[in-house]
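Using mature numbering (1 follows the signal peptide of the UniProt record, and there is no 0), the letters of the sequence shown map in sequence onto residues -28 to -1, 1 to 396.
Glycine included, every Cβ here is placed at the ideal spot set by N, Cα and C.
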Amino acid sequence: MASGGSFLSWLIFVFVGILGFISFPAEAAVKKYQFDIQVKNVSRLCHAKPIVTVNGRFPGPTIYVREDDRVMINVTNYAQYNMSIHWHGLKQYRNGWADGPAYITQCPIQTRSSYTYDFNVTGQRGTLWWHAHILWLRATVYGAIVIMPKQGTLYPFPQPKMEVPIILGEWWNSDVEEVEKQGTQMGLPPNMSDAHTINGKPGPLFPCSDKPIVPLKVDRNLFYTIGFGKDSCPTCVNGTRLLASLNNISFVMPQIGLLQAHYFNINGVFKTNFPDKPPTPFNYTGVPLTASLGTVHGTRLSKIAFNSTVELVLQDTNLLTVESHPFHIHGYNFFVVGTGIGNFDPAKDPAKYNLVDPVERNTVGVPTGGWTAIRFRADNPGVWFMHCHLELHTGWGLKTAFVVEEGPGSDQSILPPPKDLPPC
Ligand SMILES: *[C@@H]1O[C@H](CO)[C@@H](O)[C@H](O)[C@H]1NC(C)=O
Ligand SMILES: *[C@@H]1O[C@H](CO)[C@@H](O)[C@H](O)[C@H]1NC(C)=O
Ligand SMILES: *[C@@H]1O[C@H](CO)[C@@H](O)[C@H](O)[C@H]1NC(C)=O
Ligand SMILES: *[C@@H]1O[C@H](CO)[C@@H](O)[C@H](O)[C@H]1NC(C)=O
Ligand SMILES: *[C@@H]1O[C@H](CO)[C@@H](O)[C@H](O)[C@H]1NC(C)=O
Ligand SMILES: *[C@@H]1O[C@H](CO)[C@@H](O)[C@H](O)[C@H]1NC(C)=O
Ligand SMILES: *[C@@H]1O[C@H](CO)[C@@H](O)[C@H](O)[C@H]1NC(C)=O
Ligand SMILES: *[C@@H]1O[C@H](CO)[C@@H](O)[C@H](O)[C@H]1NC(C)=O
Ligand SMILES: *[C@@H]1O[C@H](CO)[C@@H](O)[C@H](O)[C@H]1NC(C)=O
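Right, here's the structure in full:
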């Protein structure tokens, strides 16, 4: 629910870009716009309803002008309502005729009639907005006005990379005029809106919004421990060197690309026997474990069925020392459904997962001495690397890869390799 007391209130924040830094002064231009007031069916929050729009757009079109331009906006009304439009914040020097509030500076534009708002933009620049100024039609009839400086005049800040108008609004599932009428009849404040909107959209927390879906059912549960280890190394200081491992396997780099080996069925490059859980469970985050710091070495991958849903819990350990690790997966975004300090408890922790609005990422930090649970749908066939993004740890072997099988469909297999794929 939208918070109370903010009926029909909007703000516009705009990061204004510079559309040209031409260093000679130019003639002021005439900018013409055609605004057709049309009724259009629009659906938000699973509720479709006819709304009044400009040119069928919600929010309406953005007006771009320069300071000193003359602006002519021909508003033609095809809706059943009378209409008037206010150019909010425009100074309209000596020119109230173009200001817009119905029955204040003009009679409304009646159905099937036109009126051209004709005004000069003088002495101001920045971002403003326009909106209907009759009844409650500004619930859906609104948009942004961007006033750029005169040609050859700079903004008082460096040129931004891009410009995005951000228009805040509200959405009612019911007809807004009916909401207002009912409130007036009952002598009560009208019903609150059902959602706030940004650029006309309520965002992914609301029903019927475009949003990615967290897998709720898991086909494959993976539990990987992150550990440090030591290898003997006669030439090294004290005769050992540091290593890192996942499920006690320190990854050994192959001599040819794993994807090639998989695609061309080249044997002996990797094995798909990466364990789904640590070979020997232990108190992962207990007192520092220094007794057995040996690890297994291997180019071992995990095979994942096409389009299966995977949950992976990454568990930091106190092998040598606990540390935070930024884990990155190639080929996918994943949802971070849970995280905690200490040992992951498969009996209790899943109940605390966020399966409603988890963040979607490609990299996630596994906390020092803790765990992170992620979920993804393996719908991208191929060989996909997964590694700690600290280069030092990656080099020590803190990495593996998933072999995601192909699907039955013609568009579910790995594309053939490019002709210029570098040979090893
Ligand atoms: C809106 O949808 C209704 C019901 O589906 C339909 O009767 C009406 O013609 C549509 N109006 C417009 C303007 O498309
Ligand atoms: C405004 O638009 C309407 C509809 O297209 C048109 O009939 C009318 O001539 C236009 N007015 C001006 C001043 O251009
Ligand atoms: C539209 O405006 C005209 C002129 O002000 C007025 O006579 C008429 O009643 C209005 N129509 C509606 C539906 O409000
Ligand atoms: C806008 O500026 C032009 C050019 O100076 C002038 O002819 C016109 O009358 C001005 N219009 C208004 C509404 O002030
Ligand atoms: C306003 O809210 C009340 C209570 O939820 C509801 O019964 C009524 O239908 C709503 N009015 C409109 C016009 O949607
Ligand atoms: C080598 O061993 C000595 C004595 O145990 C120790 O003080 C030193 O820190 C060790 N050096 C490294 C690089 O581990
Ligand atoms: C794990 O180690 C911690 C700290 O050393 C200890 O408090 C905890 O009881 C141990 N847990 C188990 C299951 O042994
Ligand atoms: C890892 O493997 C090595 C070699 O088999 C073994 O000595 C060590 O105990 C294992 N460590 C863990 C934590 O499983
Ligand atoms: C993957 O599985 C889901 C759920 O069964 C299904 O909706 C989707 O179409 C599948 N995707 C592919 C690419 O097969």
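Residue span of the alpha helix (DSSP H) that contains residue i, given as start and end
i: histidine 234; result: 230 to 235
i: residue 441; result: Nothing about residue 441 can be read from this structure; the chain reaches only from -28 to 396.
i: threonine 169; result: Not the alpha helix (DSSP H): threonine 169 falls in the beta strand (DSSP E), residues 167 to 170.
i: leucine 364; result: 363 to 367
Own chain partners of residue i with C-beta closer than 7 Å, once the 5 adjacent residues on each side are dropped
i: valine 47; result: Phe7, Ile9, Met55, Ile57, Ile81, Ser86, Tyr87 and Tyr89
i: proline 247; result: Asn219
i: leucine 177; result: Asp329
i: leucine 284; result: Leu194, Tyr196 and Ile346
i: alanine -1; result: Asp40, Asp41 and Arg42
i: lysine 324; result: Gly310
i: leucine 188; result: Leu327
i: glutamine 384; result: Phe278, Pro353 and Glu378
i: threonine 262; result: Leu292
i: proline 149; result: A small correction: the amino acid at residue 149 is glutamate; proline does not occupy that position in the sequence shown. Leu107 and Trp108, listed in sequence order.
i: glycine 175; result: Ser181
Candidates the options: closest to residue i by CA position
i: tryptophan 356; options: Tyr75, Thr83, His302 and Lys183; result: His302
i: valine 186; options: Val308, Ser385 and Ala323; result: Val308
i: methionine 44; options: Phe91, Gly341, Gln78 and Asn27; result: Phe91
i: residue 399; options: Pro22, Leu62 and Leu214; result: Residue 399 is absent from the structure shown; the chain starts at -28 and stops at 396.
i: asparagine 163; options: Trp143, Glu332, Thr335 and Leu177; result: Trp143
i: alanine 282; options: Ala263, Asn290, Ala350 and Asn326; result: In the sequence as presented, alanine is not what sits at residue 282; that position holds valine. Of the candidates Ala263, Asn290, Ala350 and Asn326, the one whose C-alpha sits nearest the C-alpha of valine 282 is Ala350.
i: asparagine 171; options: Gly141, Tyr196, Glu150 and Thr372; result: Gly141
i: proline 251; options: Thr267, Pro380 and Asn13; result: Thr267
i: tryptophan 59; options: Arg16, Asp166 and Tyr114; result: Tyr114
i: isoleucine 228; options: Phe236, Lys275 and Ser222; result: Phe236
i: residue 399; options: Arg16, Val2, His269 and Lys202; result: Look at the range of the chain in this structure, -28 to 396, and you will see that residue 399 is not part of it.
i: serine 280; options: Pro322, Asn352, Leu362 and Leu215; result: Asn352
i: proline 318; options: Lys249, Leu17 and Tyr5; result: Lys249
i: residue 399; options: Pro206, Gly159 and Trp102; result: No answer is possible for residue 399: the residues shown for the chain start at -28 and end at 396.
i: valine 336; options: Phe299, Asn145, Met358 and Ser165; result: Phe299
i: glutamate 295; options: Pro322, Ala277 and Thr340; result: Thr340
i: glutamine 52; options: Pro73, Pro33 and Val11; result: Val11
i: proline 22; options: Ile138, Gly32, Leu107 and Asp147; result: Asp147
i: asparagine 145; options: His19, Leu231, Asp191 and Arg213; result: His19
Contact set for residue i: own chain, Cβ-Cβ below 6 Å, skip 5 residues either direction
i: tyrosine 36; result: Val118
i: threonine 311; result: Thr344
i: asparagine 315; result: Tyr256 and Thr257
i: asparagine 305; result: Glu332 and Asn334
i: proline 394; result: none
i: lysine 243; result: Arg272
i: phenylalanine -22; result: Only weak support is given to the placement of phenylalanine -22: the predicted model assigns it a pLDDT of 38, under 50, and the value that follows is read from those uncertain coordinates. Excluding residues within five positions, none has a Cβ falling inside 6 Å.
i: proline 389; result: none
i: aspartate 71; result: Gln64 and Thr77
i: glycine 381; result: none
i: phenylalanine -8; result: In this prediction, phenylalanine -8 scores a pLDDT of 37, lower than 50, which makes its location untrustworthy; the coordinate-derived value is nonetheless stated afterwards. Result list for phenylalanine -8: empty, nothing under 6 Å.
Beta-carbon proximity list for residue i, same chain, < 8 Å, skipping 5 on both sides
i: serine -6; result: Below a pLDDT of 50, predicted positions are generally treated as unreliable, and serine -6, at 38, falls in that range; no measurement from the model is reported.
i: glutamine 96; result: Glu39, Gly61, Leu62, Lys63 and Ile119
i: proline -4; result: Note that proline -4 has pLDDT 49, beneath the 50 cutoff, so the model's placement of it is unreliable and the number below is only indicative. Correct list, in chain order: Lys122, Gln123 and Gly124.
i: threonine 34; result: Gly115, Ala116, Ile117, Val118 and Pro137
Span of the beta strand (DSSP E), counted from its first residue to its last, around residue i
i: glutamate 142; result: 137 to 143
i: threonine 212; result: 212 to 218
i: glycine 201; result: 192 to 204
i: threonine 48; result: 42 to 49
i: threonine 25; result: 19 to 26
i: histidine 359; result: 354 to 360
i: glycine 115; result: 114 to 120
i: glycine 270; result: 268 to 270
i: threonine 257; result: Unbroken run through threonine 257: none, as it is neither H nor E.
i: threonine 372; result: 371 to 376
i: isoleucine 9; result: 2 to 16
i: tyrosine 36; result: 35 to 38
i: isoleucine 276; result: 274 to 276
i: isoleucine 221; result: 221 to 223
Integer-rounded CB distance, given that residue j should sit under 8 Å from residue i
i: leucine 273; j: threonine 372; result: 6 Å
i: threonine 25; j: threonine 112; result: 6 Å
i: threonine 94; j: tyrosine 65; result: 6 Å
i: proline 260; j: leucine 292; result: 7 Å
i: valine 376; j: isoleucine 238; result: Rounded, the Cβ-Cβ distance is 18 Å, inconsistent with contact.
i: serine 217; j: glycine 369; result: 6 Å
Minimum Cβ-Cβ distance from residue i to chain C less than 7 Å
i: valine 47; result: Given the protein chain composition of this structure (a single chain), no chain C is represented.
Run through the stretch 282 to 341 for me and flag every whole beta strand (DSSP E) of 3 or more residues, listed as ranges in chain order.
297 to 301, 306 to 313, 331 to 333 and 335 to 338
In the stretch 54 to 107, which residue ranges form an unbroken alpha helix (DSSP H) of at least 4 residues, counting only runs that do not cross its ends?
none
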